[in-house]
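Count along the sequence shown starting at 1, add 128, and that's the number in my numbering.
Glycine included, C-beta positions come from ideal geometry on N, C-alpha and C.
Since this is a predicted model, take the numbers as computed values, not measurements.
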Amino acid sequence: MQVPPFDLTEQLHQLGEALEDAVLQVLRSGQYIGGTTIARFEQQFAEAVGTPHAIGCNSGTDALVLALRGLGIGEGDEVITSSFSFFATAEAISAVGATPVFVDVDASTYLIDLERIEAAITPATKALMPVHLFGRPVDMERLGAIAAGHDLLVIEDCAQATGASWAGRPVGSWGDAGCFSFFPTKNLGGAGDGGAVTCRDQALAARIRELAVHGMPRRYLHTSLGYNSRLDAMQAAILSVKLPHLPEWVERRRQLASTYSSELADLQGLVLPEEGPSGHSWNQFVVRIPRCPSAQAGCGGVCVPSSDSATYGLPESCCRDWLKQALAEAGVNTIIYYPIPIHRQPAYADLGYGPGSLPITERLTAEVLSLPIFPELSASQQQQVVEVVRQLVAQPLTLAS
129 MQVPPFDLTE QLHQLGEALE DAVLQVLRSG QYIGGTTIAR FEQQFAEAVG TPHAIGCNSG
189 TDALVLALRG LGIGEGDEVI TSSFSFFATA EAISAVGATP VFVDVDASTY LIDLERIEAA
249 ITPATKALMP VHLFGRPVDM ERLGAIAAGH DLLVIEDCAQ ATGASWAGRP VGSWGDAGCF
309 SFFPTKNLGG AGDGGAVTCR DQALAARIRE LAVHGMPRRY LHTSLGYNSR LDAMQAAILS
369 VKLPHLPEWV ERRRQLASTY SSELADLQGL VLPEEGPSGH SWNQFVVRIP RCPSAQAGCG
429 GVCVPSSDSA TYGLPESCCR DWLKQALAEA GVNTIIYYPI PIHRQPAYAD LGYGPGSLPI
489 TERLTAEVLS LPIFPELSAS QQQQVVEVVR QLVAQPLTLA S
């Protein structure tokens, strides 16, 4: 049996009729851009996040760009964020003319290290952009206190964390703006690209809405250079059908994560993710496979370093790469998030982050591996993952220092 890292087949089977009806209603309405379908979803999503405003847009990347532009961030500004994230996190900062400043992450949470943020603040710093990576929320009370102490804006990257919360309050409601992705693999996914910005400030919401439609507050009046970034009605209709199911899907992800943690806890060759706060939404279940120092490891000493290690000045990822391949051969398909950190990407070579500049981030990119996790993952599929992992990681690996 092949176990995919993500699969929508069962979800479509369960919701197929409702999704088809919603799509047909949009097709028959003739109103594909804007209109009541969009307005209804935006209201529903704002209520789910706990903010007065939600503005739909074309993608999670556009949500970040629109939030940054709406908050006045641009040329000469710096935004502090994490390099252990998808490229769009930093790309959006650069897209508005600002400069991303990367802070290393905490090895146990994979999130930006709050202890390191203040050392990175300069007179040019305008905002903090925490990334709620893999569904685990950043401690927004501590981060908010840092931001308030230095008069900084906060833009939350919630792309992987829809349905997550910190201290009982949804992510996306803590900062000046929250940015969400509705890419199909997210906790709340559409049938294509889509995104949203959430915020409390009415004036900011109005600016973002204008920017999303060519800087146009009313038809054919353009007060700024904006974008063509609208959530289309088809996606909004699909998301409105799915949104009521989000709490149960997140709860199912938590159950799957708990099962993995209990079934794999005794394997010294794996470093399991921390349980984290109760608001963790488990978009991914990411284990670490430290570099093997000898033939005593599960691979038997036969693994070889990835070419990326030398090319991009990163720690060797040999044992992780061996395990990924061995799992695939046994029918368990996994994903690496992320093999090359943003600060070591060729596109950011001019920023001058050399090898070893963010050592924890760089070590994690050589060790992380995401096991299959999605609400419809069956008990038998998960059991197969557990059994294959246990068979392959039969002997302890020595943790890299």
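Contact under 7 Å by Cβ, residue i with residue j
i      : j      : result
Ala385 : Trp410 : yes
Val76  : Pro375 : With the chain represented from 129 up to 529, any question about residue 76 goes unanswered, as that position is not in the structure.
Leu256 : Val233 : no
Cys307 : Cys286 : yes
Leu395 : Val415 : no
Gly263 : Ala289 : yes
Tyr160 : Ala458 : no
Leu242 : Arg270 : yes
Ala252 : Glu284 : no
Phe215 : Ile470 : yes
Ile435 : Asp449 : Before going on, a small fix: residue 435 reads as Ser here, not Ile. Not in contact: Ser435 and Asp449 (Cβ atoms no closer than 7 Å).
Met268 : Trp302 : yes
Pro503 : Val513 : no
Val154 : Thr165 : yes
Gly397 : Gln363 : no
Ala331 : Arg358 : no
Ile208 : Lys254 : no
Gly300 : Val378 : no
Gly188 : Ser309 : yes
Val369 : Ala146 : yes
Val538 : Val430 : The structure shown does not extend to residue 538, since the chain is modelled only from 129 through 529, so no value can be given for it.
Val131 : Gln511 : no
Pro536 : Ile468 : Lying outside 129 to 529, the shown extent of the chain, residue 536 is not represented and no answer is given.
Glu391 : Ser236 : no
His278 : Ile245 : no
Ile366 : Ala319 : yes
Val259 : Ser211 : no
Ala454 : Leu520 : yes
Gly407 : Pro265 : yes
Host alpha helix (DSSP H) of residue i (start-end)
i      : result
Thr137 : Thr137 to Ser157
Cys431 : Run containing Cys431: none; DSSP gives neither H nor E here.
Gly188 : Gly188 to Gly198
Thr217 : Ala216 to Ala223
Val516 : Ala507 to Leu520
Phe413 : From DSSP, Phe413 is part of no alpha helix (DSSP H) but of the beta strand (DSSP E) over Phe413 to Arg416.
Ala385 : Leu374 to Leu392
Val496 : Note, Val496: premise wrong, no alpha helix (DSSP H); beta strand (DSSP E) at Val496 to Leu499.
Cys446 : Cys446 to Glu457
Ile488 : Pro487 to Thr493
Phe502 : No alpha helix (DSSP H) contains Phe502, which DSSP labels as neither H nor E.
Ser236 : Looking at the DSSP string, Ser236 is not in any alpha helix (DSSP H), and its letter there is neither H nor E.
Ala287 : Ala287 -> no alpha helix (DSSP H), and no H or E assigned at all.
Ala438 : Ser435 to Thr439
Glu246 : Ile245 to Ala248
Extent of the continuous beta strand (DSSP E) to which residue i belongs
i      : result
Gly323 : Gly323 to Cys327
Lys370 : From DSSP, Lys370 is part of no beta strand (DSSP E) but of the alpha helix (DSSP H) over Ala361 to Lys370.
Ala547 : The structure shown does not extend to residue 547, since the chain is modelled only from 129 through 529, so no value can be given for it.
Ile183 : His181 to Cys185
Residues bridged to residue i (per DSSP)
i      : result
Ala255 : Val207 and Leu281
Val229 : Ile208
Pro469 : In the DSSP output, where bridge partners are listed per residue, Pro469 has none listed.
Val131 : Val460
Asn356 : Val341
Arg297 : Trp294
Arg270 : In the DSSP output, where bridge partners are listed per residue, Arg270 has none listed.
Ile161 : Asp360
Val177 : For Val177, which the question treats as bridged, DSSP gives no partner whatsoever.
Arg347 : Answer is none; Arg347 lacks a bridge partner.
Heavy atom of the ligand MG within 6 Å of residue i beta-carbon
i      : result
Ala276 : Absence of the ligand MG is noted for the structure shown, with no ligands found whatsoever.
Given 8 Å, three or more beta-carbon pairs between the stretch 155–172 and the stretch 181–193: yes
At least three beta-carbon pairs within less than 8 Å, the stretch 190–210 to the stretch 218–225: yes
Meets three-Cβ-pair contact criterion under 8 Å: the stretch 435–454 and the stretch 490–498: yes
Validate contact between the stretch 363–382 and the stretch 301–321 using beta carbons, cut 8 Å, 3 pairs: yes
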